[in-house]
Every structure is written in C-alpha cells, then in structure tokens.
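Numbering-wise, the sequence shown is residues 105 to 235 according to the working numbering. Built from N, CA and C at the ideal position, the CB exists for glycine as well.
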Amino acid sequence: MSGPASHVRSPVAALKLRFERQDQAREKAGDKWKDSDQVFTTRYGTPIEPRNLNRASEAHCKNAGVPRIRFHDTRHTCASLLAALDVHPRVAMRILRHSQISVTMNVYTQIPSPETRNALACLNASLENVP
105 MSGPASHVRS
115 PVAALKLRFE
125 RQDQAREKAG
135 DKWKDSDQVF
145 TTRYGTPIEP
155 RNLNRASEAH
165 CKNAGVPRIR
175 FHDTRHTCAS
185 LLAALDVHPR
195 VAMRILRHSQ
205 ISVTMNVYTQ
215 IPSPETRNAL
225 ACLNASLENV
235 P
C-alpha cells in the first residue's frame, strides 16, 4: 500500500498500512530499533513522548483542514462508544487501562441516548460496507 493515509478506507487497512510503515522504519533503523508491542512508535521503535504526540496530532488536523481536538479527548470518545456498544464496564476499564471502575464510568463515559444508539447503529452498518 502506498500514498497518504487519507486514502485508507477501513480500520484494518489503516493498521496494515501502519505496520508496513513500521516495518520500513525498523529496516531503516537497523541496530537502533527497539522492539515493543506499540502500534505507534518513533522511527526507532520507542514509545512516542506525549507532547510530541499532541504536536503531531495538531499538525495532522491542521493539514487535513479539520477542527483540532485534544488527543486525550479520544479516550473519552472511546469510553462512550464502548458504553453505547454495551461493552461491559470492566472490559472498558481494561481497554482504557484505568485502575478503578469509577474513573471509567464517572469521568470518561457518557451513557448515550436512544437517538445516539440509533446513530451508532447506522454508522456501524455503513462501516461494514466499506471495502
């Protein structure tokens, strides 16, 4: 796969592209590469520093012409989507790596309305048809 990630049409395709790019970085880094279980790393395989991640996110939003959102807000979105999909709160807690269920449920999760659930069902159906 080549070209910008904006042409990626599915989450699976996006991950495949990411792993291809990570393999290229691993090859280029040679002995400097540090193996990890991270999907997103520096060019040497090490974890991305939070501030650098925020800067990169801001730059990508600007380049894409979309509104900037705080990268951390994606955790709130993830928690709320998991709740809308009826994922058990303990499972959501593990996914978000919280140590207490109260943090997951009281701070991160917004329980969706029936209208939100309907919209998510429509979104899910549309994503199932993406190649």
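> Apart from the five residues just before and just after A183, which ones in its own chain have a Cβ nearer than 7 Å to its Cβ?
Replying inline: A196, L200, T208, Y212 and T213, listed in sequence order.
>> Would I205 and R221 qualify as a contact pair, given that the criterion is a beta-carbon distance under 8 Å?
In response: With a cutoff of 8 Å on beta-carbon distance, I205 and R221 are scored as not near each other.
> Buried or exposed: which applies to L119, given that a residue is buried once 16 or more other Cβ atoms fall within 10 Å of its Cβ?
Replying inline: Here L119 is exposed. Its C-beta has fewer than 16 other C-beta atoms within 10 Å.
> Taking the alpha-carbon positions, what's the T150 to H176 distance?
Replying inline: Here the alpha carbons of H176 and T150 stand approximately 20 Å from one another.
> Sorted by chain position, which residues of the same chain lie with C-beta nearer than 8 Å to R147's C-beta, five sequence neighbours on each side aside?
Replying inline: For R147, where only same-chain residues beyond five positions count, the Cβ hits under 8 Å are A129, K132 and A133.
> Smallest Cα separation from L186: which of K136, E153, V143 and N228?
Replying inline: Check the Cα spacing between L186 and each of K136, E153, V143 and N228: the tightest is with N228.
> How would you label T181, buried or exposed, when you count the other beta carbons within 10 angstroms and need 16 or more for buried?
Replying inline: With fewer than 16 Cβ atoms within 10 Å of its Cβ, T181 is classed as exposed.
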